[in-house]
Amino acid sequence: MSLSTADHDQQKKLFPASMKHAQAARIAVERLEAIAQDMQRLVVPDALGRALEIQQNIPEIKARISIVGQVKAGKTALTNALIGRPGLLPSDVNPWTSVITSLHMNPSTPPKKGAVFQFFDKDEWANMTAAGGRLGEFAGRTNFEREADEMREQVRALQSHAQNRLGVNFTLLLGNKHSFSEFDSALIKKYVCLGDDDDADVDPSGRFADLTKSADLYFEDSSFPMPVILADTPGVNDPFLVREAVTLDNLASSNICVIVLSAHQALSTVDIGLINIIMGLHHEQVVLFVNRIDELEDPKEQTVEIKKYIQRTLKDRNMSQDIPIVFGSAKWGAELGLAPDGDDGDKADLSGISELMRVLDEKSTNDVSWPAIEALRDECTDLVNRSVLVLDNALSERNVAGIGNDADAISLRTSEIYNTMNADLDALINDVIEMASFAMSDAYRSFIVKESRELSSAVTKGKGLKNWAPQTEGLRKELFHGYNEFSNRATAKLGEVIQNAANSISALYADIVGSSESLFPVVGPAFEQPKTPVFLMKTMSIDLSAGWLGRLTSKQRKATSYVAQFEKLATEEMLSTVSELKRVYIYEFAVQSRAKLQDFIDAHIATIRNITITEGAPEFAQTRQSFGLENEVKQRITALSALKEDLQSISRDTQGLALGEQQND
37 MSLSTADHDQ QKKLFPASMK HAQAARIAVE RLEAIAQDMQ RLVVPDALGR ALEIQQNIPE
97 IKARISIVGQ VKAGKTALTN ALIGRPGLLP SDVNPWTSVI TSLHMNPSTP PKKGAVFQFF
157 DKDEWANMTA AGGRLGEFAG RTNFEREADE MREQVRALQS HAQNRLGVNF TLLLGNKHSF
217 SEFDSALIKK YVCLGDDDDA DVDPSGRFAD LTKSADLYFE DSSFPMPVIL ADTPGVNDPF
277 LVREAVTLDN LASSNICVIV LSAHQALSTV DIGLINIIMG LHHEQVVLFV NRIDELEDPK
337 EQTVEIKKYI QRTLKDRNMS QDIPIVFGSA KWGAELGLAP DGDDGDKADL SGISELMRVL
397 DEKSTNDVSW PAIEALRDEC TDLVNRSVLV LDNALSERNV AGIGNDADAI SLRTSEIYNT
457 MNADLDALIN DVIEMASFAM SDAYRSFIVK ESRELSSAVT KGKGLKNWAP QTEGLRKELF
517 HGYNEFSNRA TAKLGEVIQN AANSISALYA DIVGSSESLF PVVGPAFEQP KTPVFLMKTM
577 SIDLSAGWLG RLTSKQRKAT SYVAQFEKLA TEEMLSTVSE LKRVYIYEFA VQSRAKLQDF
637 IDAHIATIRN ITITEGAPEF AQTRQSFGLE NEVKQRITAL SALKEDLQSI SRDTQGLALG
697 EQQND
């Protein structure tokens, strides 16, 4: 679905130059795409497969931005303002549906449909109440049978509601999806808002929000130079654990999270809890947008005080002080971002949309687009260097003055490279497992000691246990800190392993041709940090502990009994956390790292084989023939050298200058 001309004009008035960083990245992407296209006809056969993969990966560079916050903070209205379509997404989304609505701005591959609504499948729906699901996991822990039963009743009520609403269509919809070429607000509302069954204007059977797992809307919009996915989500405090998991998976895959606060109640307890959870992602991914300043009596004066309060609160809670804070009004954003400014009646953009777009543009470009562009650029350079080396070697009778004729020596060196890489990775994994396990276990132990003391004191002093709850906020913070320590350490050590492998390969190239210097810098593959720990954001059984402890009053009188029950529960949670860390995150990180490094070394070993083939070998003539005639080989080398120069000129600094020159012209 494309935006109308009027909508485009509205956006340009609202933020005319808000996306300048993305514009520069767009130019770099287009240049990289052109180079990758040329590489397909120039690189040697062994490099062609990877060249094709790179060309497919370039258009997939995109930023994922999630809009989160409490209900009534105005996040849906803000999302509408950001895309210049006021009222498109219904702003009365019921928080019990928790439907994530993803807006795909300028997707790399034009979609066949404009809107796609995916429903939960049978297994996901059944697991909401099944013994094997997360409710079953809670029920299996100490004294949580009642909490699990209560949650199951809530879920069953939702399921019954959906079955009554949808009738015979209910089972047919599970696991399926509805797709539409065009869409509007009324259509979207059927899939993301529960609505009211008593609404005479709406056919209840047409409401699918009970079953909707996700909604994807696709737009072509020139206001976004780079592809962007904006995800509107009601937040992470959903009482249905399956929907909670869907929301958290979305947050975990987000590059940036915009937390929408209300100017009337900036940084409430719920907001602080949400920030604590999301801050575990990495603080540079977080942006605060204080909405509804249009409802303040004196926005200019009051926003200054609100900002001071937010900064003071963040400081008091030992949170990062460099989180961007943007003030604005989604309502004014829907009105072209114009609001009264002063007594003279002048108009100014107080909506905050321009400023928020500027922050998002800078973050998404510098933290997402450019790292991806540079990684692909370096891979292209590596393919060009290897191809030039092989083609140069093909022009001469034999261009190997070193160990190039010694097959045994080369085989020994390549085996050493593989063995060293695997040994280094094994040492890395063992080190980070020990470090992460200790850090997280230590956080739990400190938490258990502190909260056990508080619980014992509450019982001894006769305080009502129903009002007592363990302070898990500090525990989450320490767990996130421990995980981030693991993530940073693992990434740094992996960088050392990659560099050692690259240096060994570079030295082998030089020894093969008898050169005292490196022929070209071998650049290892780019790696992302380990995945965001979704399990740390999920509802903990400890979060629900006050309820069952309070009910033990009539059965257990001694403080030691309460403490023992609490310690048992917290220990179970600790073992589950550490186990999932090892089983999912560290293991997956290790497997992916090893596979990627293996592919990297394999590719260079293939190049080495090409430049060390003896003339009597069966594949010698075939390999040389695949390069073309001597003249063609020389032309390919010249063209590849030119591509290398073009690749070296692709950088965020030079691209920004180039964009500035274009705009000045």
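This note's numbering puts the sequence shown at residues 37 to 701.
Yeah, the Cβ is synthetic: ideal placement off N, Cα and C, and Gly gets one too.
Check	Outcome
Does DSSP put Leu297 in a helix, in a strand, or in coil?	strand
Taking 7 Å as the threshold (C-beta atoms), are Pro566 and Phe516 in contact?	no
Distance, Cα to Cα, Asp379 vs Pro270?	Low confidence applies to Asp379: its pLDDT is 39, below 50, so where it sits in the model is not reliable, and the reading given next is rough at best. Distance between the alpha carbons of Asp379 and Pro270: 38 Å.
Could you give the C-beta distance for Val135 and Ser215, rounded to a whole number, given that I count them as a contact under 8 Å?	That pair is no contact at about 16 Å.
Does the Cβ of Gly498 have 16 or more other Cβ atoms within 10 Å, making it buried, or fewer, making it exposed?	exposed
To which residues does DSSP link Ala251 through a beta bridge?	Thr137 and Phe153
Assuming contact is defined by CB atoms lying nearer than 7 Å, are Leu676 and Ser432 in contact in what I supplied?	no
So what's Asp268 in DSSP terms, helix, strand or just coil?	strand
With H, G and I counted as helix, E and B as strand and the rest as coil, what does DSSP make of Ala236?	Reliability fails at Ala236, whose pLDDT of 48 lies under 50, so the model's placement of it is uncertain and the value that follows must be treated cautiously. Three-state result, Ala236: coil.
What does a CB cutoff of less than 7 Å around Arg413 pick up in its chain, not counting 5 residues either side in sequence?	Leu68, Leu683 and Ile686
Could you check what DSSP says for Glu371 in three-state terms: helix, strand or coil?	coil
Measuring CA to CA, which of Leu124, Phe260 and Pro143 is closest to Ala222?	Leu124
State the Cα-Cα distance for the pair Ala479 and Leu310, rounded to the nearest angstrom.	20 Å
Taking C-alpha atoms, which residue in Gly203, Leu210, Ala251 and Ser217 lies nearest to Lys226?	Ala251
Using alpha carbons as the reference points, say which of Glu398, Ser365 and Lys399 lies closest to Arg389.	The residue asked about is misnamed: residue 389 is Ile in this sequence, not Arg. Cα-wise, what sits closest to Ile389 is Ser365.
What's the C-alpha gap between Tyr598 and Thr349?	34 Å
Rounded C-beta distance between Ala411 and Ile292? I'm assuming under 8 Å.	Contact flag wrong, Cβ pair sits at about 19 Å.
Can you check DSSP and say which residues form a bridge with Gly510?	DSSP, once it has assigned bridges, lists no residue as partnering Gly510.
Which residues in the same chain have their Cβ closer than 7 Å to the Cβ of Val614, if we skip the five residues on either side of it in sequence?	Ser473, Met476 and Ser477
Compute the Euclidean distance between the alpha carbons of Val533 and Asp467, then round it to the nearest angstrom.	14 Å
Compute the beta-carbon to beta-carbon distance between Thr248 and Phe155, rounded to the nearest angstrom, for a pair I have assumed lies under 8 Å.	6 Å
Would you grab the beta carbon distance between Ala267 and Ser138 for me? Rounded to a whole angstrom, and I think it's under 8 Å.	5 Å
In the DSSP assignment, find the unbroken alpha helix (DSSP H) run with Ala100 in it and report its ends.	Note that residue 100 is Arg in the sequence shown here, rather than Ala. Looking at the DSSP string, Arg100 is not in any alpha helix (DSSP H); the run it does join, the beta strand (DSSP E), is Ala99 to Gly105.
Spell out the partners DSSP gives Lys213 in its beta bridges.	Gln154
With 16 as the cutoff for other CB atoms within 10 Å, does Ala631 come out buried or exposed?	exposed
Our contact map puts Cys416 next to Ala198 with C-beta atoms below 8 Å; I'd like the distance itself, whole angstroms only.	Not quite, the Cβ-Cβ distance comes to about 50 Å (not below 8 Å), so this is no contact.
Would you decide whether Val340 is buried or exposed? Buried here means 16 or more other CB atoms lie within 10 Å of its CB.	exposed
Closest to Asp462 by CA distance: which of Ile622, Val264 and Leu297 is it?	Ile622
Determine the burial state of Gln702: buried for a count of at least 16 other Cβ atoms within 10 Å of its Cβ, exposed for fewer.	Because the chain in this structure spans residues 37 to 701, residue 702 falls outside the shown range and cannot be described.
In the structure shown, what three-state DSSP assignment does Ser304 receive?	coil
Can you tell me whether DSSP reads Leu555 as helix, strand or coil?	coil
Pick from Ala109, Leu530, Ser612 and Thr596: whose alpha carbon is nearest that of Leu324?	Ala109
Return the chain-ordered list of same chain residues with a C-beta closer than 7 Å to the C-beta of Ile641, the five sequence neighbours on each side being excluded.	Thr450
Measuring straight from C-alpha to C-alpha, what distance separates Ala245 and Pro506?	35 Å
Once DSSP output is grouped into helix, strand and coil, what is the label at Leu324?	strand
Give a yes or no on whether the C-beta atoms belonging to Ile453 and Ser540 are separated by under 7 Å.	yes
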